[in-house]
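Chemist: Going line by line, the protein sequences match chains A and B.
To convert, note that position 99 of the first sequence is 99 in our numbering; the numbers rise steadily by one, no gaps.
The number in our numbering is simply the position in the second sequence, starting from 1, with 1000 added.
Number of protein chains: 2
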Amino acid sequence: MRHLLIYDMIEAVHRSGSIRKAAEVTHITASALNRRIQAFEDEFGSEIFERLPRGMRLNPAGELLLHHIRLQRQDLARVHSQVADLSGIRRGHVRIACSQALLPYFLPREISKYRAEFPDVTFTVNVRDRIQAERDLVNFESDLALVFEPAHMVDFEVLHAVRQPVMAMMSAAHPLAGRRSLRLRECLEYDLVLPASQFGVRVLLEQTAARLGQKLEPVLETDSFEMLQQLAAHGRGIGFQILVGLDPLARPDMAFVPISERDVTGGELFLGHLKGRALPVAALKFANQVATALAS
Amino acid sequence: MRHLLIYDMIEAVHRSGSIRKAAEVTHITASALNRRIQAFEDEFGSEIFERLPRGMRLNPAGELLLHHIRLQRQDLARVHSQVADLSGIRRGHVRIACSQALLPYFLPREISKYRAEFPDVTFTVNVRDRIQAERDLVNFESDLALVFEPAHMVDFEVLHAVRQPVMAMMSAAHPLAGRRSLRLRECLEYDLVLPASQFGVRVLLEQTAARLGQKLEPVLETDSFEMLQQLAAHGRGIGFQILVGLDPLARPDMAFVPISERDVTGGELFLGHLKGRALPVAALKFANQVATALAS
DNA sequence: AGGACTGCTGCATTTTTTGCATCGCAGCTG
DNA sequence: CAGCTGCGATGCAAAAAATGCAGCAGTCCT
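1. Between which residues of its own chain and A:Leu184 is the CB-CB distance below 8 Å, once the five residues before and five after are set aside?
2. Which runs of the beta strand (DSSP E) at least 3 residues long sit entirely within the region 11 to 57 of chain A? Give them in chain order.
3. Nearest-angstrom Cα distance between B:Leu1071 and B:Val1201?
4. What residues are listed by DSSP as bridge partners for B:Pro1195?
5. Among the residues of its own chain, which have a CB less than 6 Å from the CB of A:Cys187, if the five just before and after it don't count?
6. Name the residue from B:Leu1269, B:Phe1156 and B:Leu1102 whose alpha carbon lies nearest to the alpha carbon of B:Gly1276.
7. Are the region 56 to 63 of chain A and the region 85 to 93 of chain A in contact at 8 Å, needing three or more beta carbon pairs?
8. Do we get a CB-CB distance below 8 Å when we pair A:Asp75 with the residues of chain B?
9. B:Phe1225 and B:Val1166: beta carbons closer than 8 Å?
10. Using the C-alpha atoms, what's the distance from B:Cys1098 back to B:His1068?
11. Can you name the residues of chain B whose CB is closer than 8 Å to the CB of A:Met1?
12. Taking 8 Å as the cut-off, decide whether the C-beta atoms of A:His14 and B:His1003 are in contact.
13. To test your reading of the DSSP string, which unbroken alpha helix (DSSP H) runs of 4 or more residues are found completely within the region 1224 to 1281 of chain B?
14. What do you get for B:Met1153, buried or exposed, if any count of 16 or more other CB atoms within 10 angstroms of its CB means buried?
15. Taking only the alpha-carbon atoms, compute the straight-line gap between B:Gln1164 and B:Ser1112 and give it to the nearest angstrom.
16. One question on the structure: do A:Tyr190 and A:Arg236 come within less than 8 Å of each other, judged by their Cβ atoms?
17. With three or more beta-carbon pairs closer than 8 Å as the criterion, would you say the region 1280 to 1294 of chain B touches the region 1105 to 1122 of chain B?
18. Just mark A:Leu144 as buried or exposed, buried being the case when its beta carbon has 16 or more other beta carbons within 10 Å.
19. Residues of the region 1272 to 1287 of chain B in Cβ contact with chain A at a cutoff of 9 Å, in chain order, please.
20. Return the chain-ordered list of same chain residues with a C-beta closer than 7 Å to the C-beta of B:Leu1216, the five sequence neighbours on each side being excluded.
21. For the alpha helix (DSSP H) containing A:Glu117, list its first residue and its last residue.
22. My assumption, with CB atoms under 8 Å, is that A:Arg270 sits in contact with A:Val158. Please give the rounded CB distance.
23. Would you give the residue range spanned by the beta strand (DSSP E) that B:His1093 belongs to?
24. In whole angstroms, what is the alpha-carbon distance linking B:Val1094 and B:His1273?
25. Per DSSP, B:Phe1148 is paired with what?
26. Keeping to the same chain, check which residues put their C-beta closer than 8 Å to that of B:Glu1268; ignore five residues upstream and five downstream.
27. Considering only residues of the same chain and omitting the five flanking positions on each side of B:Ile1019, which have a CB-CB separation below 8 Å?
28. Is it buried or exposed, B:Gln1100, if we count other Cβ atoms within 10 angstroms and call 16 or more buried?
29. Verify whether the separation of the beta carbon atoms of B:Ala1278 and B:Arg1078 is less than 8 Å.
30. Taking Cβ positions, are A:Ala233 and A:Asp247 nearer each other than 8 Å?
31. Just the Cα atoms here: how many angstroms apart are B:Tyr1105 and B:Arg1180?
32. On the DSSP letters alone, give me the boundaries of the beta strand (DSSP E) that B:Arg1163 sits inside.
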């Protein structure tokens, strides 16, 4: 879109911090870029950059404009996707911010299923904790968020929510392996392998422990669920993960036992997008598919 | 905004129905305009107009694009107004679609009050029935709607709602003039002067009459409340209007008596805007002022 | 059949944008 | 304090893009 090039230039200057650096990215001379910025500010009616001795920085007006630019670009993408849909073609790109639990099994499965039907749709998946996921949405850097226990904020519109039991995971040889359900206090007698504190599961477990007047003292704390699972599988410890992040069939060497609902309350997985935003067709359809999958 | 000129051109062609006519409006040659449209379709990736022997018409893709254009333009206006606000200036333009009842007293008063504080804000007020008002919002032709009994639709976001009694109005010498409240059936014994059927008051009265097993047989039906009021003042008939459309002090020659709540149910005045739309600062502040005024 | 529309296009002209070289300014460095 | 570096701004000529003019082919209506 030639007529929107000026927006790219503004963003480039914003990101690069100076016209001269942005000029390289934009494949244009610094002087030409400079004059386009000036011309834009002229007709926009106010400056959008502060001129500092070391470069350019967006002023408050520029920040407002930047948000408009992103909104506008995203809406144009939606139009494009809808137009493509008119001709029966579905192409496009879906950007998802999601909790790590969705990565090993759930999301790959859903994406494959979707792409089997619409091979021209591409995906970006970013691991985000619940705070970051929502920030991504606000900055138009993701279309969808799929997070466990989002920090409920005003700009998040929930498309689907589903309760997720917290599962204890352990070696198949573990003393507790045969149980159908566990209380948290039973787990506390074994080594604990816990996700790092920014994860929803950890937050829930901490809350429960606090209610029991206990303190969780993990032998290992990690932000990698992969490591968590491996440690639980091969050591004598107990790890935790929500249901959707597990696939018992894939790990016959392990046992997965739900923590009693009486212990861990809350615990929902949320699918949503930015409030008031119209999603591109591809993202919308994918969201519907995910919602259906979550419901079953 | 020079870089958005192409959008103006597209809209001009859409409205004019042909390139040659649009060329006059755009102050450009038909050939130049033609080539700009073609260039745009080229980079947009698909045609947006159907070429008919008698001119151009938007195709479905064009309709989608047009909506984006309007959204985009409106959001840019919001940014502009917010930027102006940053410098302490409040300027801008507020477009209101409202029921006729608001015209004689309420809106002029509110607009004057607002402009006393912010003289650089201008207004457009369009009389619209409840259907048209909402269509205006969808087409981004109004920022706010203030209507009696809107035909509730999905795209309408209510900012404020307030119950409005239906008032019977009559000459001060009328037999019913001294009453504190009236039942509708009492009114039916006199000449009825009714607003036309697209108005909310009329709809409510018809519903009530139907419930009573009666039929309203007006001696006069008009879409002008001015005429309604004059007829009620000088004849022996009874007219109807909602409370906000009246000012007893301005008409000492008339009497205004509320119809009993038991007769006329519903009857709310709604202030709202298009769902999911971010209003310009001026419109937002004005909406707040109106909401406050309605609440008192 | 002819007139009045339509959108489209080749070519010369005008307007706009770009690149280059250069200026002045501010901060950093030794 | 001098010297260096990186910054944005600007004058001027060259390159690129947009425009206007004139004319084409097609459709519709009388």
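We put the beta carbon where it would ideally sit given N, CA and C, even for glycine.
What you are looking at is a predicted structure, and each value in this text was computed from that prediction instead of being measured.
Modeler: If we stick to the structure as given:
1. Numbered from 1 along the first sequence, position 184 holds the residue referred to as residue 184 of chain A. Leu205, Thr208, Ala209, Leu212, Ile259, Ser260, Asp263 and Val264.
2. 49 to 52
3. Within the second sequence, residue 1071 of chain B is the residue found at index 71, counting from 1. Within the second sequence, residue 1201 of chain B is the residue found at index 201, counting from 1. Rounded to the nearest angstrom, the two C-alpha atoms are 33 Å apart.
4. Translated into positions along the second sequence, residue 1195 of chain B becomes position 195. B:Pro1195 is bridged to B:Thr1222.
5. Residue 187 of chain A sits at position 187 when you count from the first residue of the first sequence. Excluding positions up to five away in sequence, the list reads Ala168 and Ile238.
6. The residue labelled residue 1276 of chain B in the question sits at position 276 within the second sequence. For B:Gly1276, the nearest C-alpha among the options comes from B:Phe1156.
7. no
8. Taking the first residue of the first sequence as position 1, residue 75 of chain A is located at position 75. Chain B contact via Cβ: present.
9. Along the second sequence, one-based indexing puts residue 1225 of chain B at 225. Along the second sequence, one-based indexing puts residue 1166 of chain B at 166. With a cutoff of 8 Å on beta-carbon distance, B:Phe1225 and B:Val1166 are scored as not near each other.
10. Numbered from 1 along the second sequence, position 68 holds the residue referred to as residue 1068 of chain B. Numbered from 1 along the second sequence, position 98 holds the residue referred to as residue 1098 of chain B. In a straight line, the C-alpha of B:His1068 is about 25 Å away from that of B:Cys1098.
11. Taking the first residue of the first sequence as position 1, residue 1 of chain A is located at position 1. Ordered by position in chain B, the residues that pass the 8 Å Cβ test against A:Met1 are Glu1043 and Phe1044.
12. Stepping through the first sequence from its first residue, residue 14 of chain A is reached at position 14. Stepping through the second sequence from its first residue, residue 1003 of chain B is reached at position 3. For A:His14 and B:His1003, no; Cβs fall outside 8 Å.
13. 1225 to 1234
14. Residue numbering aside, residue 1153 of chain B sits at position 153 when the second sequence is read from its first letter. Exposed is the call here.
15. Your numbering for residue 1164 of chain B matches position 164 in the second sequence. Your numbering for residue 1112 of chain B matches position 112 in the second sequence. Their backbone Cα atoms lie some 23 Å apart in a straight line.
16. Counted from its first residue, the first sequence places residue 190 of chain A at position 190. Counted from its first residue, the first sequence places residue 236 of chain A at position 236. Going by C-beta atoms, A:Tyr190 is nearer than 8 Å to A:Arg236.
17. yes
18. Here residue 144 of chain A corresponds to residue number 144 of the first sequence, with the count starting at 1. Looking at its Cβ environment, which holds 16 or more other Cβ atoms inside 10 Å, A:Leu144 is buried.
19. For chain A, the residues of the region 1272 to 1287 of chain B that bring a beta carbon within less than 9 Å of one of its beta carbons are Lys1275, Gly1276, Arg1277 and Ala1278, in chain order.
20. Taking the first residue of the second sequence as 1, we reach residue 1216 of chain B at position 216. So the qualifying residues of the chain are Leu1192, Leu1194, Leu1205, Glu1206 and Ala1209.
21. Locating residue 117 of chain A in the first sequence gives position 117, where the first residue counts as 1. Residues Phe106 to Glu117.
22. What you label residue 270 of chain A is simply residue 270 of the first sequence in a count that begins at 1. What you label residue 158 of chain A is simply residue 158 of the first sequence in a count that begins at 1. Just to set this straight, residue 270 of chain A is Phe in the shown sequence, not Arg. Indeed, because the Cβ distance is near 6 Å, the residues count as touching under 8 Å.
23. Taking the first residue of the second sequence as 1, we reach residue 1093 of chain B at position 93. Here the beta strand (DSSP E) through B:His1093 covers Gly1092 to Cys1098.
24. Along the second sequence, one-based indexing puts residue 1094 of chain B at 94. Along the second sequence, one-based indexing puts residue 1273 of chain B at 273. Straight-line Cα distance between these residues: approximately 12 Å.
25. Position 148 of the second sequence, counted from the first residue, corresponds to residue 1148 of chain B. Beta-bridge pairing by DSSP links B:Phe1148 to B:Leu1269.
26. Here residue 1268 of chain B refers to the residue found at position 268 when the second sequence is read from its first residue. Here the set comprises Phe1148, Glu1149, Ala1161, Val1162, Arg1163 and Gln1164.
27. Translated into positions along the second sequence, residue 1019 of chain B becomes position 19. Excluding sequence neighbours, B:Ile1019 sits near Val1013, Ala1030, Leu1033, Asn1034, Ile1037, Gly1055 and Met1056.
28. By 1-based counting over the second sequence, the position of residue 1100 of chain B is 100. Buried: at least 16 other Cβ atoms inside 10 Å.
29. Taking the first residue of the second sequence as position 1, residue 1278 of chain B is located at position 278. Taking the first residue of the second sequence as position 1, residue 1078 of chain B is located at position 78. Yes, the Cβ-Cβ distance between B:Ala1278 and B:Arg1078 is below 8 Å.
30. The sequence position of residue 233 of chain A within the first sequence is 233, counting from 1. The sequence position of residue 247 of chain A within the first sequence is 247, counting from 1. Not a contact, by the Cβ cut-off of 8 Å.
31. What you label residue 1105 of chain B is simply residue 105 of the second sequence in a count that begins at 1. What you label residue 1180 of chain B is simply residue 180 of the second sequence in a count that begins at 1. Their Cα atoms are separated by approximately 23 Å.
32. Counting from one through the second sequence, the residue named residue 1163 of chain B turns up at place 163. Phe1156 to Arg1163 is the extent of the beta strand (DSSP E) around B:Arg1163.
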